[in-house]
Amino acid sequence: MATQISGLDDVLRKMQAIGNQKIIKRLARKAAREAINIVRDAARENAKAIDDKKSSEKIWKNIVSRSGKISNKGAVRERVGILGGASFGDGKTAIITKKEYKSFVGPISSSTVIGLTGGDTRHWRWIEFGTSEQAARPFMRPALSENTDKVTDKFVQSFRRELDAVLGVIK
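In terms of numbering that gives the first Met the number 0, the sequence shown has 130 at position 131, counting the first letter as 1, and numbering is strictly consecutive.
So this is what it looks like as structure tokens:
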């Protein structure tokens, strides 16, 4: 999802004044992380609202934001996702809560056990997208679509602040 932002001539001048691509990328990554955390927090709130109180698994506890690699060396990638993914994998890996993981002793080796804060929440995709027998109750997609403007504004604000801080040190 690419977004074009206009009216940032002063930001481009500041980036040229810094001149070091590594510093600029570090600042952009920090600003992007601050911005994407808005989506992460909204997704957590949405997941809490539909959480099954009878279940020990808590989807909202496994929602995280992460940096990602991208082939374009000058670009920054941030994403929001759910730990444990959406796959039931090879059938050899068990997912339990971190609390259970600390005292795990079982018939399978601990290398095939993953401890996640919210427990085994790989069923999230059935809630998000629905099934043939269950209507969808999306919580991830609205978190992004309802906060796009906030995320963009936060990124611009944070990036400008970081650029000004670095330029203050350079001068």
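In this text, a Cβ means the ideal position worked out from N, Cα and C, and glycines have one as well.
For the stretch 34-47 against the stretch 148-157, are there 3 or more C-beta pairs whose distance is under 8 Å? yes
With distances taken from CA atoms, which of Leu-115, Met-139, Lys-72, Arg-28 is nearest Trp-125? Met-139
Whole angstroms is fine: what's the gap from Ala-142's alpha carbon to Ala-41's? 5 Å
For Val-75, which of helix, strand or coil comes out of DSSP? coil
Strictly by DSSP, which residues pair up with Arg-65? Arg-78
Quick one: using the 10 Å Cβ neighbour count with 16 as the cut-off for buried, is Lys-45 buried or exposed? Contrary to the premise, residue 45 reads as Asn rather than Lys in this sequence. That one is buried.
Do Arg-76 and Gly-67 come within 8 Å of each other at the CB atom, strictly closer than that value? yes
For Arg-121, report the span of its alpha helix (DSSP H) as first-last. Here Arg-121 belongs to no alpha helix (DSSP H), and DSSP marks it neither H nor E.
May I have the straight-line CA-CA distance separating Ser-109 from Gly-80, to the nearest angstrom? Only weak support exists for where Ser-109 lies, its pLDDT of 48 falling under 50; the value from the coordinates is given anyway. Cα to Cα, the separation comes out at about 24 Å.
Please list, in chain order, all residues of the same chain as Lys-60 whose beta carbon is under 7 Å from its beta carbon, the five residues on each side excluded. Thr-116, Gly-117
At which residues does the alpha helix (DSSP H) containing Glu-56 begin and terminate? Neither: Glu-56 is in no alpha helix (DSSP H) and is coded neither H nor E.
Less than 8 Å separating the beta-carbons of Val-10 and Phe-128? no
Distance, Cα to Cα, Leu-166 vs Ala-30? 16 Å
Within the continuous alpha helix (DSSP H) that includes Ser-70, where are the two ends? Element bounds for Ser-70: n/a, residue is neither H nor E.
CB-CB length for Asn-146 against Val-63, believed under 8 Å: Going by Cβ atoms, the distance from Asn-146 to Val-63 rounds to 17 Å, so no, they are not a contact pair.
Cβ-based neighbour list, Lys-57, same chain, cut-off 6 Å, excluding 5 preceding and 5 following: Gly-117
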